[in-house]
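Each residue of the sequence shown is one higher than the last, beginning at 1 in the UniProt record's numbering. The beta-carbon is built from N, C-alpha and C at its ideal position, and this holds for glycine as well. Have a look at the structure below, then the notes.
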Amino acid sequence: MTSNHHVHWAEYGTLNLESGRLSIDLRHIPLDVTAVLHAGARSGMPHVEWWMQKWETN
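Structure representation (structure tokens):
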């Protein structure tokens, strides 16, 4: 089973096109796992219990 144990960050990128020039800004930011789990629990997402088991909680 794949898990998200030890994942405490999020990564994303933004693309910008300005004057015909394309750039990308990559970000690596802290992730509040507890907040993610609470949001998932409230979301109505199918199989949320299964998804939540993949996260480590303290």
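Practice item. Please determine if the stretch 17 to 25 and the stretch 44 to 58 are in contact, where contact requires at least 3 C-beta pairs separated by less than 8 Å. Key: No, they do not touch.
Check your understanding: Do you know how far the Cα of THR14 is from the Cα of GLN53?
Key -> Rounded to the nearest angstrom, the two C-alpha atoms are 30 Å apart.
Point to revise | Contact check, GLY40 vs VAL33, beta carbons under 7 Å | key: Not a contact, by the Cβ cut-off of 7 Å.
**Study point:** 8 Å contact criterion, which HIS38 and TRP9 should meet: CB distance rounded
**Key:** Incorrect: roughly 18 Å between the Cβ atoms, too far for contact.
Review point. Quick one, are the C-beta atoms of ASN4 and TRP50 less than 7 Å apart?
Key: No, Cβ-Cβ distance for ASN4 and TRP50 is not below 7 Å.
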